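Okay, structure first, notes after.
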Amino acid sequence: MSLPTSAEPTHPVHATNELFREAFRHHPAGVAIVTAANPSPVGITASSVASVSADPPALSFSVSGGSSAARVAEAETVVVHLMDAAHVDTVKRYATPGAARFLEGTWEPAATGEPVLNDAPWALRCRIVRRVPVGGSLLVAAEVDQILRGEHSEPMVYHNRAFHRLTEASLIQPRDAG
């Protein structure tokens, strides 16, 4: 898709908050849980995690609202857990304000103090290197210091206000052989 090049676009639409939210409701995103120890365990569900660089390994995520999000963003280090469909209940718990997120037996502290979810498919321990205010949110950039690999099931995405499982049946183009 390209933007119209003529002086008069065929369907001009003013960018409103409502239209922006609707556009992103229809853009699937991976699901993560971001945890920190600031000073006690804190965690949030995030669908804004993105790879930024492979060398050095770096990622970004954004936070807004609630006290948990603020505590995560203020931490020096975090653990970003990339979640899969087997963990939808855990993801929902971390997305619910006031929920008991750190249930006994579901996590343990890393040697550096951050909470690590015991059965997360991937856990990336990160050092926050930059915080950039954007509108009412905070964009957080972090370098990855350690990666833990767990067991995996089908990937999960958040789309149109619901969690979805990706399976081989959802594949629309064969993978490259290389």
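Using the UniProt record's numbering, the final residue of the sequence shown is 178, and nothing's skipped along the way. Note that beta-carbon positions come from the ideal geometry of N, C-alpha and C, so glycine has one too. In this text the structure is predicted, and so the values were computed from the model without any measurement.
Sequence-distant residues of the same chain with beta carbon closer than 8 Å to Ser62, five excluded per side: So the qualifying residues of the chain are Ala46, Ser48, Val134, Ser137, Leu138, Leu139, Val140.
Length-filtered (4 minimum) alpha helix (DSSP H) runs lying within the UniProt domain "Flavin reductase like" (24-165): The qualifying runs are 67-74, 88-95.
Nearest-angstrom beta carbon gap, Leu148 and Ala123 [assumed within contact, 8 Å]: With 8 Å as the limit, Ala123 and Leu148 qualify as a contact, their Cβ atoms being about 4 Å apart.
Pair within 8 Å by beta-carbon distance, Arg101 and Gly65: No, Cβ-Cβ distance for Arg101 and Gly65 is not below 8 Å.
Option in Glu154, Arg161, Ala73, Gly105 with minimal Cα separation from Glu168: Among Glu154, Arg161, Ala73, Gly105, the Cα nearest to that of Glu168 belongs to Glu154.
Cβ pair Glu151, Pro121 closer than 8 Å: Judged by beta-carbon spacing, Pro121 lies within the 8 Å limit of Glu151, meaning their Cβ atoms are closer than that value.
Contact check, Thr96 vs Leu117, beta carbons under 8 Å: In this structure, the beta-carbon distance from Thr96 to Leu117 does not fall below 8 Å.
Distance between beta carbons of Leu59 and Ala142, contact taken as under 8 Å: Contact flag correct, Cβ pair sits at about 6 Å.
The ligand NAP heavy atom lying under 7 Å from the CB of Gln173: The ligand NAP is not part of the structure shown, which contains no ligands of any sort.
Nonlocal neighbours in the same chain, by C-beta distance under 6 Å from Val132, ignoring five residues either side: Cβ neighbours of Val132 beyond the five flanking positions: Leu139.
Distance between Glu108 and Thr16 (C-alpha atoms, nearest Å): Distance from the CA of Thr16 to the CA of Glu108, rounded to the nearest whole angstrom, comes to 43 Å.
Residue from Ser40, Val80, Asn160 with nearest C-alpha to Glu22: Nearest of Ser40, Val80, Asn160 to Glu22, Cα basis: Asn160.
Residue from Ser68, Pro12, Ala32 whose Cα sits closest to the Cα of Val157: Measuring from the Cα of Val157, the nearest candidate turns out to be Ala32.
Contacting residues, own chain, Cβ-Cβ under 8 Å from Asp84 (five flanking each side not counted): Counting only Cβ-Cβ distances below 8 Å, and skipping sequence neighbours, we find Pro121, His152, Ser153, Glu154, Pro155, Met156.
Proximal residues to Gln146 (C-beta, below 7 Å), its chain only, five neighbours per side dropped: So the qualifying residues of the chain are Arg125.
Local conformation of Ala15 per DSSP, three classes: Here Ala15 sits in coil by DSSP.
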